[in-house]
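Colleague: All the letters of the sequence shown, read from the start, carry residue numbers 1 to 392 under our numbering.
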Amino acid sequence: MKGSTRLASLGSYAFAEVDNLVASLRSQGIEPIDFGVGDPVDPTPSLVRSACKAGVDERAAAGYPSYVGASEYRDAVAAWAQRRFGLSLDPATEITSTIGAKEAVFHLPLAFVNPGEYTVSPNPYYPPYERGTLFAGGHTHFLPLDEERGYQADLSAIPDDVLARTRILWLNYPSNPTGALASKALYKEAVDLAVDHDIILVSDECYSEMYYDVVPHSALEYGYENVLVVQSLSKRSNMTNYRVGWVMGDRDAVSLFRKVKTNIDSGTPTFVQDAAIAALSDERHVSDMREGYRRKRDILCRALSDAGYPECVPEATFYIWQRVPEGLDGVEVAKRLLDPSIGIVATPGAWIAKEVDGHNPGTQYLRFALVPSIDACAQAAEKIRGADSLHP
């Protein structure tokens, strides 16, 4: 059967390839320690599960959910955004529910991008930034995130001819995969650029609650006009399976996105929104989550350092963006990790970055997602220290 040319142009999805690596090891009778895909294995908090169960019964005959989210859910999001960032958002017009963040990211270009126009994406990047643009008929211009700049996007490097046709500027801080935080100067520059050039700044802040010492800011703290924020409870509250998030910000932009959503889906299940309300009401489980990831980060970073790798301790997220020794690349080290005697899965940085003009900013890196248990992280640390093949 012949698919569309648009679909054929996509190639494989990086994290599907990671799943294939895991399956290959399992077929050999080896249970790998999987740092490949950022899917938490810790259970969803009990208060969230209880609220979801109760919501199923309470809404037994509720019918279709609201396209934009139940008013109680949008109220809860607004209250959380006020507590967390000091934002004053109108739940009626400036917040809309989504079926997770990935769905929002993929569909946002349909609201703003015409065929032949551009979005600007960080590089390395979350693949739906580019793929949603492609399905909207647009092109993506990539800005490399270089270690020398602290992984801050260089907005001045956008060519004038691209800038003139740019409709969306994507930012992602705390950054997947680099773990970096955005500087205040970068947020201010991005907000000003969006207003001056009639661009929609879309700030992907799904990792805003996964930090260690410095509390991240939101782009909406620096400006409201032409600014949207994408948020999710997947990582904050271990709710990847629930598929619930939201978009908030400029009311005109939210209105346009709602129009797209109304034509694509029938809204987020209301009992899932009930679970999300419970999650947003509690910060204790979020604090516990951060402490757990700090312990995992420190265990693995120490092991990598002991093995002779450069220090790459992230400021935020549950990712380690590890530079590999000179003379090697991320793919080669990832293959060595997959040796059955080691059995560790990590994502080569080149798989989640784009080669532009012969340069892929992810080539010298591996991404470790700190989702295995603390015990599994400790086992992986000993394997890394003891494997001669991994040492420079």
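Even for Gly, the Cβ is constructed at its ideal location relative to N, Cα and C. These figures come from a predicted structure and were not determined experimentally.
1. List the residues that DSSP assigns as beta-bridge partners of Val247.
2. Would Arg131 and Leu10 be called neighbours here (beta carbons separated by less than 8 angstroms)?
3. Can you round the beta-carbon distance between Val162 and Asp204 to whole angstroms, since I take them to be within the 8 angstroms contact cut?
4. Among Pro361, Asp265, Ser208, whose alpha-carbon lies nearest the alpha-carbon of Asp329?
5. Nearest by alpha-carbon distance to Arg49: which of Ala194, Glu148, Asn238, Asp192 is it?
6. Quick check on DSSP: helix, strand or coil for Ser121?
7. Give me, in chain order, the residues of the same chain whose beta-carbon lies closer than 6 angstroms to that of Ala136; leave out the 5 immediate sequence neighbours on both sides.
8. Give the range of the beta strand (DSSP E) segment to which Pro144 is assigned.
9. Helix, strand or coil for Asn20 per DSSP?
10. Any idea what DSSP makes of Ala276, helix, strand or coil?
11. Taking Val244 as the reference, which of Phe271, Ile200, Ile158 has the closest Cα?
12. Provide the residue(s) that pair with Ala316 in DSSP beta bridges, ordered along the chain.
13. Strictly by DSSP, which residues pair up with Trp170?
14. Take Cys206 as the anchor and find which of Asp198, Pro216, Val195, Ala70 has the nearest alpha-carbon.
15. Under the three-state reduction of DSSP, which class applies to Asp375: helix, strand or coil?
16. Is DSSP giving Thr347 helix, strand or coil here?
17. Considering only the alpha carbon of each residue, which of Lys2, Val77, Leu7, Arg297 lies closest to Gln273?
18. Taking only the alpha-carbon atoms, compute the straight-line gap between Ala279 and Leu145 and give it to the nearest angstrom.
19. When you compare only the Cα positions, how much space is there between Val202 and Val56?
20. Which class does Leu366 belong to by DSSP, given the choice of helix, strand or coil?
21. Using only alpha-carbon positions, find the residue among Ala316, Asp282, Pro372 that is nearest to Arg84.
22. State the Cα-Cα distance for the pair Ser24 and Ile30, rounded to the nearest angstrom.
Modeller: In this structure, then:
1. Thr96, Val230
2. yes
3. The pair is not a contact, with the Cβ atoms about 20 angstroms apart (cut-off 8 angstroms).
4. Among Pro361, Asp265, Ser208, the Cα nearest to that of Asp329 belongs to Pro361.
5. Asn238
6. strand
7. Cβ within range, chain order: Pro109, Leu110, Val113.
8. Note, Pro144: beta strand (DSSP E), 139–144.
9. Reduced to three states, the DSSP call for Asn20 is helix.
10. helix
11. Answer by Cα proximity: Phe271.
12. Ala316 is bridged to Tyr211.
13. Val202
14. The shortest Cα separation from Cys206 among Asp198, Pro216, Val195, Ala70 belongs to Pro216.
15. helix
16. strand
17. Val77
18. The alpha-carbon separation between Ala279 and Leu145 amounts to approximately 33 angstroms.
19. 33 angstroms
20. Reduced to three states, the DSSP call for Leu366 is strand.
21. Asp282
22. Taking the CA atoms as reference points, Ser24 sits about 9 angstroms from Ile30.
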